[in-house]
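Have a look at the structure below, then the notes.
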Amino acid sequence: MASKKAAESTLYHLAPKGFWKKFRDAVVVNPEISSGLPLQGVNRWPPPASRPEKYSTPATKASDPAQNPYWKRDVRRVYPQLSVVTQAGLSQLLIEHSGQASVAAPQEEGKGIAQRPEPVDLTQAISTITASTKVYTESQLPPSLPTPHKRWIPERSLDAPHDPHSYFPMTLWK
């Protein structure tokens, strides 16, 4: 039976020469194994970077940074949106909110359309609201800042046992 022909390691791969060939033969476990570096002229045709023309990326809407800002592309974060409240809009909201909430009885179509009140100056809106009702009372106080800890109010507790005639007596506080 004929022996199988082994693949030649230097046929399609780069082989070391000179000193490095002798060094490789002495150090390597299997000197018949290839280096793994392909010969450029044999395997890759046309070779890389051999074309004379240069590649240019086509212009798209996504490639224009003026029309495609980062905050529109970044879907991982929710960026704050700009919100503008004018004094006229705020006064209208204050007046609508201060009135009694009631639902009108159903009427025929087209007749029961609610009309928005006319925008009023903010100072007038605040004065009309505060004139009709008190904003803050004893039971309805203004909001306070939340604190992550309780406020310490010092209280004297029982003294620790100590000599009554000591120069620095110890006092305990809760």
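Residue numbers (the UniProt record's numbering): 1 to 174. A virtual CB, placed ideally from N, CA and C, is assigned to each residue, including glycine. The model shown is predicted, which means the values in this text are computed figures rather than measured ones.
Quick one: using the 10 Å Cβ neighbour count with 16 as the cut-off for buried, is residue 62 buried or exposed? The residue you call residue 62 lines up with position 62 of the sequence shown. So residue 62 ends up on the exposed side.
Could you give the distance in angstroms between the alpha-carbon of residue 67 and the alpha-carbon of residue 58? Position 67 of the sequence shown, counted from the start, is the residue given in the question as residue 67. Position 58 of the sequence shown, counted from the start, is the residue given in the question as residue 58. Straight-line Cα distance between these residues: approximately 16 angstroms.
Does the beta-carbon of residue 91 have 16 or more other beta-carbons within 10 angstroms, so that it is buried, or is it exposed? One-based indexing of the sequence shown puts residue 91 at position 91. Residue 91 should be labelled buried.
Please work out which residues of its chain come closer than 8 angstroms, Cβ to Cβ, to residue 160, disregarding the five sequence neighbours upstream and downstream, and give them in chain order. Here residue 160 refers to the residue found at position 160 of the sequence shown. Taken in chain order, the residues that qualify are 170 and 172.
Hey, how far is the Cα of residue 22 from the Cα of residue 39? For the purposes of this step, residue 22 is identified with residue 22 of the sequence shown, where counting begins at 1. For the purposes of this step, residue 39 is identified with residue 39 of the sequence shown, where counting begins at 1. The alpha-carbon atoms of residue 22 and residue 39 are separated by roughly 21 angstroms.
Restricting to Cα atoms, I'd like to know which of 80, 65, 7 and 174 is closest to residue 155. Working through the sequence shown from its first residue, we reach residue 155 at position 155. Of the candidates 80, 65, 7 and 174, the one whose C-alpha sits nearest the C-alpha of residue 155 is 174.
Using DSSP with H/G/I as helix, E/B as strand and the rest coil, what is residue 73? Position 73 of the sequence shown, counted from the first residue, corresponds to residue 73. Residue 73: helix per DSSP, three-state reduction.
Does the count of Cβ pairs from the region 5-16 and the region 32-52 closer than 8 angstroms reach three? yes
Let me know if residue 125 comes out buried or exposed under the rule of 16 or more other beta-carbons within 10 Å of its beta-carbon. Here residue 125 corresponds to residue number 125 of the sequence shown, with the count starting at 1. Looking at its Cβ environment, which holds 16 or more other Cβ atoms inside 10 Å, residue 125 is buried.
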